[in-house]
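Heads up: the structure comes next, in structure tokens.
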Amino acid sequence: THIKKLEEELGMVLFDRVRRPIQLTLAGDRLAAIATPLVEGIDSLATMTSEAEERGPVQIASTPDIIPHTLIRVVRVFLARFPQVHLKIRSGTREEVLRMVQDGDVDLGVVQHPEKSYGLEFQGLFLYERVLITPLDHPLLDEPLTSLDQIVRYPLILMGRGTHTRTILEEQFRRKGLEYDIIVELDSMDMIKRYVALGMGISVGPRLAIDPEDRKTVGVISLANLLPVEQAGIVTLPGKTVSSPTRNFMSVMRDVLAPAGSRR
-10 THIKKLEEEL GMVLFDRVRR PIQLTLAGDR LAAIATPLVE GIDSLATMTS EAEERGPVQI
50 ASTPDIIPHT LIRVVRVFLA RFPQVHLKIR SGTREEVLRM VQDGDVDLGV VQHPEKSYGL
110 EFQGLFLYER VLITPLDHPL LDEPLTSLDQ IVRYPLILMG RGTHTRTILE EQFRRKGLEY
170 DIIVELDSMD MIKRYVALGM GISVGPRLAI DPEDRKTVGV ISLANLLPVE QAGIVTLPGK
230 TVSSPTRNFM SVMRDVLAPA GSRR
């Protein structure tokens, strides 16, 4: 038995097996006095560690357009269900988010589907469609939008260089040999919408960044026929330990986003 092996290793008898009921010897009493607080400390440490894990934090990375419009809905529901859990949300371009996940700096990313070269796991939850954003009185609202040629006639207000939608848009412009003029660069779709509403130019951005109240100040035209519609969702690093709060967060994401489908 384990007790006999322990007695052999220590070279002493810990239990008096002659007497009934079996009792500790003097050496056994002394060992118990030493071991009891250690065992209790280990039990306490396990409890403290478990409690700390249940509080998080859950480290999340996403883009400046997804965080305030899509992720915020998930966070609201999650904190209502798990008010004790802390969240840390980091912002970056799609490529920066994928690198953070790849390097293990965050527990999960929320972006468009990564290329296979990143070696990451992906769970698609919602569609990422691009739209044209114009002032309410813009002439493009009165004609069918069938070509990117129609867009480059007007000054553009876009997110900074290296952002995913801008990269795709500029690749399409160059492929078609189109000249275009980006008059203002901003790092927030909410700021871009305000600039567009004031008539300074037009923009291309994700439909998810258009809130219902925006329809009162800007025009919106689908670009699904001109630019790719992508799957977006949860990106994780294969083999990375997933904490209970992180699993719960991903479960809430699926509950909140997956049934929503997409707007076309």
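The sequence shown begins at -10 in my numbering and counts up by one.
Every residue, glycine too, gets a C-beta built ideally from N, C-alpha and C.
These figures come from a predicted structure and were not determined experimentally.
Requested in this report: Quick one: residues in its chain with C-beta nearer than 6 Å to the C-beta of D54, no 5 flanking neighbours on either side, listed in chain order?
Outcome: Cβ neighbours of D54 beyond the five flanking positions: M178, P195, A198.
Nearest to P46 (by Cα), restricted to the options F67, T52, T59 = Checking every option, the nearest Cα to that of P46 belongs to F67.
Worksheet item: Run through DSSP, which three-state label would V7 get?
Response: Here V7 sits in coil by DSSP.
With distance defined between alpha-carbon atoms, name the residue in E118, R155, L97, R142 nearest to P234.
The residue with the shortest Cα to Cα distance from P234 is L97.
Original post:
When DSSP builds the beta bridges, which residues end up paired with A198?
Top reply: In the DSSP output, where bridge partners are listed per residue, A198 has none listed.
query: Should the region 201 to 217 be regarded as contacting the region 83 to 93, the criterion being three or more beta carbon pairs within less than 8 Å?
result: Under the 8 Å Cβ criterion, the region 201 to 217 does not count as touching the region 83 to 93, having fewer than three qualifying pairs.
**Message:** Which residue wins for smallest C-alpha separation from K105, given the options M239, R19, T225, G149?
**Reply:** Nearest C-alpha to K105: T225.
Checklist line | Cβ distance (whole Å) where F115 is taken to contact T154 below 8 Å | finding: Cβ atoms of F115 and T154 stay farther apart than 8 Å, at about 15 Å.
**Q.** Supposed close pair I78, S51 - CB separation, criterion 8 Å
**A.** About 7 Å; that satisfies the 8 Å criterion.
Which class does A41 belong to by DSSP, given the choice of helix, strand or coil?
-> Any reading at A41 is ruled out, since the residue's pLDDT is 49, under 50, leaving its predicted position unreliable.
Fill in: Helix, strand or coil at I140 according to DSSP, with G and I counted as helix
Coil.
TODO: Could you tell me whether the Cβ atoms of K165 and I122 are closer together than 8 Å?
DONE: No.
Taking Cβ positions, are V185 and L158 nearer each other than 8 Å?
No, the Cβ-Cβ distance between V185 and L158 is not below 8 Å.
Tell me R119's beta-bridge partners as DSSP assigns them.
-> Answer is P195.
(request) Any chance you could list the beta strand (DSSP E) runs of at least 3 consecutive residues sitting entirely within the region 44 to 113, in chain order? (result) Those beta strand (DSSP E) runs which fall completely within the region 44 to 113 and span 3+ residues are 47 to 51, 76 to 80, 97 to 101.
Cβ-Cβ distance between L13 and A21 below 8 Å
Yes, Cβ-Cβ distance for L13 and A21 is below 8 Å.
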